[in-house]
Amino acid sequence: MRIAVGLLALVSVLGLVSAVVHARGGRWLKAAEAVLPVLGVDLLLFGGVEEKSTAFLWAGALLVAAGFAVEGLSFWRARAAEQKAAD
3 MRIAVGLLAL
13 VSVLGLVSAV
23 VHARGGRWLK
33 AAEAVLPVLG
43 VDLLLFGGVE
53 EKSTAFLWAG
63 ALLVAAGFAV
73 EGLSFWRARA
83 AEQKAAD
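48 is the number that the working numbering gives to position 46 of the sequence shown; each next residue is one higher, with no gaps.
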């Protein structure tokens, strides 16, 4: 169990550091892509699964879904910019 918590903490720290780097560069959408799923998984696992709290489970699931939605939006915008540049 300690190894799993340590790995989850490492992934959380790396995700938050990545978000800070993106935010400092002015890339707020990329920062949201990095931080939302990480926070969502933390809430989902620690609050929802470990503590058996339904509120944390749903909040974590919503944060993960929001993170994937932001990632999809970013992909869609990048693809549109590539198509515009190719024309």
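We put the beta carbon where it would ideally sit given N, CA and C, even for glycine.
Predicted, not measured: the structure shown is a model, and the values here were computed from it.
With the cut-off set at 8 Å, would you say residue i and residue j are in Cβ contact?
i: Gly49; j: Leu65; result: no
i: Leu45; j: Gly17; result: no
i: Leu38; j: Gly69; result: yes
i: His24; j: Ala11; result: no
i: Val22; j: Val40; result: no
Kindly indicate the opening and closing residues of the alpha helix (DSSP H) around residue i.
i: Ser14; result: Arg4 to Arg26
i: Val72; result: Thr56 to Ala88
i: Leu31; result: Trp30 to Asp44
Would you tell me roughly how many angstroms separate the C-alpha atoms of residue i and residue j, rounded to the nearest one?
i: Ala80; j: Gly28; result: 16 Å
i: Ala83; j: Glu73; result: 15 Å
i: Glu35; j: Arg26; result: 14 Å
i: Gly42; j: Ala57; result: 12 Å
i: Leu47; j: Ala67; result: 15 Å
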